[in-house]
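Residues 9 to 103 (the working numbering) make up the sequence shown, in order. Beta carbons are placed, not taken as given, at the ideal position from N, Cα and C, and that holds for glycine. Reading through the structure tokens given below for one structure.
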Amino acid sequence: VGSLQKYVENYEDACIWIRKTETLSDENLLEKFQFEFEKLVVLDYIIRNTDRGNDNWLVKQEYDDDGQLFFIKIAAIDNGLAFPFKHPDEWRGCE
């Protein structure tokens, strides 16, 4: 059994990013974030990750030369409980 990790640069902890942006009303930002978050949910479903919380994904924002939001990316980290040998017997509750 082994592990493969890749260092990602310029990403921010999701908890911090959410707190900073929870009062934003920028529809463009919210749409881009929602699309990336939905991809994370689909990834977790496919790999049967049962341990996704706000402490194990990161967010990155990039801006163009005019200061306009260019893209948002989400990095899934700590996928240690993905691809389980057998499916867990019960749901994991919110903490």
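Which of helix, strand or coil DSSP assigns to residue i
i: E39; result: helix
i: D52; result: helix
i: V45; result: With the sequence shown as reference, residue 45 is identified as Phe, and Val is not the correct amino acid for it. If DSSP states are grouped into helix, strand and coil, F45 belongs with the helices.
i: D21; result: strand
i: I26; result: helix
Spatial distance of residue i from residue j (CA atoms)
i: I82; j: L51; result: 12 angstroms
i: F91; j: V16; result: 22 angstroms
i: F93; j: Q13; result: 21 angstroms
i: E46; j: D74; result: 28 angstroms
i: E35; j: I54; result: 29 angstroms
i: S33; j: I26; result: 13 angstroms
Spatial neighbours of residue i in its chain, beta-carbon cut-off 7 angstroms, leaving aside the 5 residues before and after
i: E70; result: F78, F79
Sequence-distant residues of the same chain with beta carbon closer than 6 angstroms to residue i, five excluded per side
i: N62; result: A22, C23
8 angstroms Cβ shell around residue i - same chain, five flanking residues per side excluded
i: E39; result: none
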